[in-house]
Amino acid sequence: MTDSILGTSLPVFIAITLIFMGGCALMTGRATARNWRPLWHLLPYALLLGAGDRFIIYALFGGELTLVSGYLIDTALLFIIALAAYRLTLARQMVRQYPWLHAPKGLWSWQERTEAKDGN
-9 MTDSILGTSL
1 PVFIAITLIF
11 MGGCALMTGR
21 ATARNWRPLW
31 HLLPYALLLG
41 AGDRFIIYAL
51 FGGELTLVSG
61 YLIDTALLFI
71 IALAAYRLTL
81 ARQMVRQYPW
91 LHAPKGLWSW
101 QERTEAKDGN
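So the sequence shown is residues -9 to 110, counted in my numbering.
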């Protein structure tokens, strides 16, 4: 059943999409945040990573290249991984570079320091 939805076997999907291309998506999200790019830049990158993922699965493992459901699932997962890396990196960067303005608020966010508002 997974072959008809993903276009390849489950072990190949896990190895190529989640581990290999997921690592690429992780690096993409981190690089986008480190360069202060807006969030929407992740979408074209994720689309390209999804296309590259489909091609690797097709070329190396004989998967279906033009399977729409496989491409959408791969791209969505890669976008989620890149988005998580983007938010984590951006939150850390905001707190690290502007410690007098921002304090950490959980793992994915930051908040304004109350001392900065009071002027103390």
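Each residue gets a CB set at the ideal place from its N, CA and C atoms; glycine is no exception.
Local Cβ density within 10 Å of residue i, reported as buried at 16 or more and exposed below that
{"i": "Arg86", "result": "exposed"}
{"i": "Ala66", "result": "exposed"}
{"i": "Gly(-3)", "result": "buried"}
{"i": "Ile(-5)", "result": "exposed"}
{"i": "Arg24", "result": "exposed"}
{"i": "Met(-9)", "result": "exposed"}
{"i": "Gly53", "result": "buried"}
{"i": "Gly12", "result": "buried"}
{"i": "Ala106", "result": "Confidence is the limiting factor: at Ala106 the pLDDT is only 49, short of 50, which leaves the residue's position unreliable and the question unanswerable from this model."}
Paired residues, beta bridge with residue i - DSSP
{"i": "His92", "result": "Glu102"}
Sequence-distant residues of the same chain with beta carbon closer than 7 Å to residue i, five excluded per side
{"i": "His31", "result": "Thr22"}
{"i": "Ile9", "result": "none"}
{"i": "Ser99", "result": "Ala81"}
{"i": "Phe51", "result": "Thr(-2), Val2"}
{"i": "Arg20", "result": "Ala75, Thr79"}
Supposed close pair residue i, residue j - CB separation, criterion 8 Å
{"i": "Ile18", "j": "Asp64", "result": "According to the sequence shown, residue 18 is Thr rather than Ile. Wrong, their Cβ atoms sit about 14 Å apart, outside the cutoff."}
{"i": "Ala5", "j": "Leu68", "result": "Their Cβ separation, rounded to whole angstroms, is 14 Å, which puts Ala5 and Leu68 out of contact at 8 Å."}
Close Cβ partners of residue i (< 8 Å) along its chain, the five nearest in sequence each way excluded
{"i": "Leu33", "result": "Phe69"}
{"i": "Ala72", "result": "Ala15, Leu16, Thr18, Gly19, Thr22, Leu32, Tyr35, Ala36, Leu39"}
{"i": "Leu97", "result": "Leu78, Ala81"}
Top-ranked residue by Cα proximity to residue i, from the options
{"i": "Ser59", "options": "Gly40, Ile46, Gly12, Ala75", "result": "Gly40"}
{"i": "Ile114", "options": "Asp(-7), Arg103, Glu102", "result": "A question about residue 114 goes unanswered here, because the residues of the chain that appear run from -9 up to 110."}
{"i": "Arg27", "options": "Ala49, Gln83, Asp43, Met11", "result": "Gln83"}
{"i": "Pro89", "options": "Gly96, Leu0, Gln101", "result": "Gln101"}
Close-in-space but distant-in-sequence residues of the same chain around residue i (CB under 6 Å, 5 per side omitted)
{"i": "Leu57", "result": "Gly(-3)"}
{"i": "Tyr61", "result": "Gly40, Arg44"}
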